[in-house]
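*Asks:* Attaching a single structure in structure tokens format; questions to follow.
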């Protein structure tokens, strides 16, 4: 959510019959928490994860002490890797 207005050409609304609808995920989750289709979806996702068929994107694990370098690297632009800050328990 960019907090900027959505800009849609009037012609698209009139001539191409474009329709807009909002979607609020938190509200949907409240209303559909025990929906059988949602439960089935999570069961299928868990199975894919267990079978190593659903993997996270490539990431760089960075020790928390090096957070400044990770932040600076991320500000340089998209490099195809997420930065994961690793905090060790003491």
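In the UniProt record's numbering, the protein residues as written are 1 to 90. Backbone N, C-alpha and C define an ideal beta-carbon position, used for all residues, glycine too.
(1) What are the boundary residues of the beta strand (DSSP E) that includes residue 84?
(2) Reducing DSSP to helix, strand and coil, say where residue 61 ends up.
(3) One question on the structure: do residue 60 and residue 81 come within less than 8 Å of each other, judged by their Cβ atoms?
(4) Going by CA-CA distance only, name the one from 83, 21, 42, 31 that's closest to residue 70.
*Replies:* Quick answer:
(1) 82-86
(2) strand
(3) yes
(4) 83
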